[in-house]
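Comments concern the structure below.
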Amino acid sequence: MTITDEALDSLVAIVAEAAAAEIMPRFRKLGAADIAEKTSALDLVTQADLLTEQRITAALKARYPQALIVGEEAYEADRSVVPALATADLAFVIDPVDGTYNFASGLPLFGSILAVVANGETIAGIVHDPILGDTIMAARGAGSYLRRKDGEAVRLRVAPAMPLGDMTGIMAWSDIREPERSRIAGNMAKTRMMFSFNCSAYEYWMVTSGRVHFIGHSKLMPWDHLAGVLAHREAGGHSARFDGSPYRPGETAGGIICAPDAESWTMIRRDILGY
Amino acid sequence: MASVDVTALADLLRRTAKAEILPRFRRLGSGDVRSKSEPSDLVTEADEQAERMIKAEATERWPSALFVGEESVAADPSLLDALKGAELAIVVDPIDGTYNFAAGVPAFGVMAAVVSKGETVAGIIFDPMGDDWVLAEKGAGAWLKRPDGSAERLRAASALPLEQMIGMASTGFLPNGKRAEILANLAQVRFLANYRCAAHEYRILVSGYAQFLMYNKLMPWDHLAGTLISQEAGAHAARFDGSPYLPHHVDGGLLVAPDREAWDMLRRKVFTF
């Protein structure tokens, strides 16, 4: 199954409308009562997350009444929705505010993410910047594009492979335990420069646009990764779980590395992860 | 004594962002970006035009103040030495976070510090995306200020056990052997962020969302404003040897922590230079 340009445009419009209505009026205006910790000081939920997800969910349900809708916040109430992604005919995966810690702290690095999954494959991905209204969008087989709010669009390409010492990268180790944790953290010294954005939306934004060479994550919640992984692949990149197997909707473990190509992927696994 | 009106300087940063910076964001053709000293150290047309606008107005309004900007110093390095003896100086970073700016990532800021007789007396960090400032004048606390005139006092976070801390450390300029050691030590904390933008890293710290910051390379336009604002928000800041960070310092490192005790603990367990 593929998605039409028209359907993709209407999905971008749904996300952009919800972000403009529910996220931006709350940026830097949250009171203490609007923010709650889920599992830690890094794992937050705000009124903006809840209301944006409700708004996108309602719009999708009206248009696609049969589809499975998986939202980061709805998942807290019903965890069976994630494994159901592997087999659903049509599903949507929503991260209403990706980078909630950044959003709550006032940093303008957060995004709204939507992935479209059909029969166990991601067929479209949207990574939207609510501040400027620009969007990275990808459809399977049709490439990745950055489309500005005014309609101007540019095709995106990942960076070319380079020796590790010339690469910039991101490897999120905060969910990795010792002894791997400090080994991986220390191995990032082999790169030219490292980032840590605490925001999948902008990590995929950078790797899909060729502004960082690689990104890696150990925890694979689908709303953080499905859309971005498709966008990266459609921009020419190579991605796989740490064991080399493809990352598929419904899976939440096994880690993932996104790299310029298969050869550099193997190098990053060896020299950064250490296996 | 000559002085600089902080409200007027803050307004100048904001007007400059609207005129010279925002219209160029995500509009960069490849011809607008060239390398200054290395590929990651991008200088853009926006950077140069923004500094030009700030310098033109600042030197007209405060003619007795020495103007020190990142781009001006690139053209005339002796300006840095002049900062040490200046009666009054304005130190400006027209775009902090140029790599992000060039990459289309909206984490960048416009910063200015006012230095009087070798001491930072005011610091301003403007965020063009959120359209607000964090700023401080020495002795008067740290504040988030909005264009509508509203303001909120800012407080740095309290200390936490090391394994619960969130922090930011810029390790790119450490010597090669030390870089891996410090990065591995940092795995002891809950989360290491690195936004490659000091302006926003200081803002996060003084909003109470992170416990520490570490920088090794200390260009004054990157750190004077943020250090004063951090101190005015209650944090403890010092160079690695424990001495105060002053406007003419360009090395010796800088560590900002919730208090002296947490500073000592981070220095001992993480920043093992």
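Residue numbers (numbering that gives the first Met the number 0), protein chains in the order written: chain B, 0 to 274; chain L, 0 to 272. Using N, Cα and C, we set each Cβ at its ideal position, and we do this for glycine too.
Buried or exposed (CB count within 10 angstroms, at least 16 for buried), residue i
| i | result |
| --- | --- |
| Ala9 of chain L | buried |
| Asn193 of chain L | buried |
| Gly110 of chain B | buried |
| Gly84 of chain L | exposed |
| Tyr100 of chain B | buried |
| Asp131 of chain L | buried |
| Pro246 of chain L | buried |
| Leu41 of chain L | Reliability of the predicted coordinates at Leu41 of chain L is poor, the pLDDT of 48 falling under 50, and no value is obtained from them. |
| Phe172 of chain L | exposed |
| Pro24 of chain B | exposed |
| Ala152 of chain B | exposed |
| Lys189 of chain B | buried |
| Gln65 of chain B | exposed |
| Met161 of chain B | exposed |
| Glu177 of chain B | exposed |
| Asn175 of chain L | exposed |
| Asn99 of chain L | buried |
| Ile271 of chain B | buried |
| Asn118 of chain B | exposed |
| Thr154 of chain B | As written in the sequence, residue 154 of chain B is Arg, which differs from the Thr given in the question. By the 10 Å Cβ count, Arg154 of chain B comes out exposed. |
| Val77 of chain L | The sequence shown places Ser at residue 77 of chain L, not Val. Burial call: exposed. |
| Pro22 of chain L | exposed |
| Glu69 of chain L | buried |
| Arg33 of chain L | Low per-residue confidence applies at Arg33 of chain L: pLDDT is 40, beneath 50, and the placement is therefore not dependable, though the value from the model is reported in the following sentence. So Arg33 of chain L counts as exposed. |
| Ala90 of chain B | buried |
| Gly313 of chain L | Absent from the structure is residue 313 of chain L, since the part of chain L shown begins at 0 and ends at 272. |
| Gly241 of chain L | exposed |
| Pro62 of chain L | exposed |
| Glu50 of chain L | buried |
Supposed close pair residue i, residue j - CB separation, criterion 8 Å
| i | j | result |
| --- | --- | --- |
| Ala106 of chain L | Leu29 of chain B | Their Cβ separation, rounded to whole angstroms, is 19 Å, which puts Ala106 of chain L and Leu29 of chain B out of contact at 8 Å. |
| Thr51 of chain B | Ala17 of chain B | 5 Å |
| Gly227 of chain B | Tyr246 of chain B | Rounded, the Cβ-Cβ distance is 11 Å, inconsistent with contact. |
| Pro303 of chain L | Leu82 of chain L | As shown, chain L starts at 0 and ends at 272. That puts residue 303 of chain L outside it, with no answer to give. |
| Leu106 of chain B | Ile203 of chain L | 6 Å |
| Ile22 of chain B | Ala47 of chain B | 5 Å |
| Phe66 of chain L | Ala74 of chain L | No, Phe66 of chain L and Ala74 of chain L are not in contact; Cβ-Cβ is about 12 Å, not under 8 Å. |
| Ala114 of chain B | Gly124 of chain B | 5 Å |
| Ala171 of chain B | His216 of chain B | 5 Å |
Continuous alpha helix (DSSP H) stretch holding residue i: start and end
| i | result |
| --- | --- |
| Thr6 of chain L | Val5 to Thr15 |
| Phe102 of chain B | Thr99 to Ser104 |
| Ile267 of chain B | Ala261 to Ile267 |
| Leu265 of chain L | Arg259 to Lys268 |
| Ala45 of chain L | Glu44 to Arg60 |
| Ser181 of chain B | Glu179 to Asn186 |
| Phe100 of chain L | Thr97 to Ala102 |
For residue i: DSSP bridge partner residues
| i | result |
| --- | --- |
| Lys144 of chain L | L:Trp132 and L:Ala150 |
| Gly70 of chain B | B:Ile93 |
| Met220 of chain B | Partner(s): none; Met220 of chain B has no beta bridge. |
| Cys198 of chain B | In DSSP, Cys198 of chain B forms no bridge with anything. |
| Thr128 of chain B | Residue identity check: residue 128 of chain B is Asp in the sequence provided, not Thr. DSSP output for Asp128 of chain B lists B:Asp133 as bridge partner(s). |
| Leu274 of chain L | One cannot answer for residue 274 of chain L here, as it falls past the ends of chain L, which runs 0 to 272. |
| Met192 of chain B | B:Thr167 |
| Ala166 of chain L | Looking at the sequence provided, one finds Gly at residue 166 of chain L rather than Ala. The partner list for Gly166 of chain L (beta bridge, DSSP) reads L:Leu191 and L:Phe211. |
| Ile2 of chain B | Partner(s): none; Ile2 of chain B has no beta bridge. |
| Glu118 of chain L | L:Ser115 |
| Ile214 of chain B | B:Ile169 and B:Cys257 |
| Glu120 of chain B | B:Ala117 |
| Val109 of chain L | L:Phe125 |
| Ser111 of chain B | B:His127 |
| Ala138 of chain B | B:Ala123 |
Endpoints, the beta strand (DSSP E) within which residue i is located
| i | result |
| --- | --- |
| Leu145 of chain B | Ser143 to Arg146 |
| Ser238 of chain B | His237 to Ala239 |
| Ile256 of chain B | Ile255 to Ala258 |
| Ala152 of chain B | Ala152 to Arg154 |
Quick one: complete alpha helix (DSSP H) runs, 4+ long, within the segment 168-255 of chain L?
Taking only runs of at least 4 residues, the alpha helix (DSSP H) segments lying wholly in the segment 168-255 of chain L are 175-184, 197-205 and 219-231.
Contained alpha helix (DSSP H) runs [length at least 4] in the segment 31-66 of chain B, N- to C-terminal order:
Runs found: 46-62.
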